[in-house]
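Start counting at 1 in the sequence shown, then tack on 28, and there's your number in the numbering used here.
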Amino acid sequence: MQPRTLIIGVLALVFGLCAAAGVYVMSQTAASPRKPETTTVYITATDISRGQVITGDLLSKKEWPKDAVPTGAVTALDQVENRTVAIPMVAGDLVLETKLAPQGAGRGVAVSIPLGMRAVTIQTPNISTGVAGFVLPGNKVDILLTVTQSGADDPSGGGSTYTLLQNIEILAVDQRIEVPLDNKVDMKEMRSVTLLVTPGDAAKLGLGQNRGLLHLALRNPEDREMDDIDPVTLAGLRISAPQPIVVPQTPPQVVAIPKPEKPPAVQIRLLRGTTSSVIPWRTPETGTESLPTVAPTTITPQTPATTGGTVPTAELAGKE
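Structure, rendered in structure tokens:
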């Protein structure tokens, strides 16, 4: 073999090895994906209720793809610390500015009311709510209105129930805006609920509360369907309204009060010989009342039956 041929063969082998190495390197580079750029965001470490104040122990950091970070995501703790939650969040939620009250808005329920909404409180003692203490802040309910009527010409039969509002969020129960640890409200303490409604629905609640009795019907949080529900009447249930019992009034009996009898007069009959006369006697009962006088009478002496007898000459008379 000539030296020239040997050199060409060696060079070809070297170039082949280099080409193979280059292909291998390129294939490995293509197989490993490029690591995307990330940025640090804050997520909730636990469930946070509406109206709760944000503190550092309620949040945790997480690396988020930079090109996938939504607008309003919180990237620094000082952006949210000591701010009030306007929309409830569960553990793992991305903290967004839209879920928080504005900076410097303060605390309380007012700052947690979304723009364009209203908070309306209705009285719901345990006898007027259809849910036995299971209504919690953040739940969704339907509002039922029961109206009682009277009159023979009433087509409802004496009463009816309307579905006034549907899928309404409970903002607070009494003065509690956070969910209790046992997920239940004491019925003895439940006297009112605050609802999150539109201005128009607020007017409906005000009129309904003055017109009849409001009830709550608890909904599944995933059930957002609005149903077309007709009013339910007593006539439709074939139940007639109780008729008032009319008790006839009897005229009062007039009882005549008898006049008190005058006490008998006290008289003194004075006998003088054969003549008797009556002397009036004043008493507290008779006062100065004049007493009838008795004409003097003559007493005829009687002959004694035996010798030595005497004839009475005077007699003192008592009451007559």
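Beta carbons: idealized from backbone N, C-alpha and C, even for Gly.
By a C-beta neighbour count over all protein chains shown, 10 Å radius and 16 as the cutoff for buried, is residue i buried or exposed?
i	result
P64	exposed
S318	Unreliable positioning characterises S318 in this predicted model, as indicated by a pLDDT of 49, which lies under 50. The coordinate reading is nonetheless provided below. S318 is exposed by the Cβ-count criterion.
I307	exposed
Q151	exposed
S188	buried
L224	buried
I76	buried
G79	buried
G236	buried
Rounded to whole angstroms, what is the Cα-Cα separation between residue i and residue j?
i	j	result
L34	F43	14 Å
G240	F162	23 Å
G336	T302	Confidence in G336 is poor, its pLDDT being 47 and thus under 50, which makes the residue's placement unreliable; the coordinate value appears in the next sentence. When rounded, the distance between both Cα atoms is 20 Å.
P249	N167	7 Å
P116	V51	55 Å
T99	A114	17 Å
A47	I36	16 Å
T176	L262	10 Å
G120	L105	16 Å
H243	T174	8 Å
E197	Y190	19 Å
I141	D258	31 Å
G228	G234	10 Å
T126	L143	11 Å
E91	A49	37 Å
T74	A245	29 Å
A40	V53	20 Å
V260	P130	44 Å
V275	V282	21 Å
A230	G186	27 Å
So residue i packs on residue j, CB below 8 Å; how close in whole Å?
i	j	result
K94	T72	Incorrect: roughly 21 Å between the Cβ atoms, too far for contact.
R252	D170	Contact doesn't hold; Cβ gap of about 12 Å is too wide.
Q194	M254	5 Å
Check this for me: beta carbons of residue i and residue j, under 8 Å apart or not?
i	j	result
A149	S88	One point to set straight first is that residue 149 is Thr, not Ala, in the sequence displayed. No, Cβ-Cβ distance for T149 and S88 is not below 8 Å.
V139	L199	no
V118	V108	no
L172	V201	no
T112	L86	no
T222	A101	no
T83	M145	no
V38	V69	no
K232	L192	yes
Is there a C-beta anywhere in chain D that falls below 8 Å from the one on residue i?
i	result
V201	As a matter of chain content, chain D is missing from the structure shown, which is built from one protein chain.
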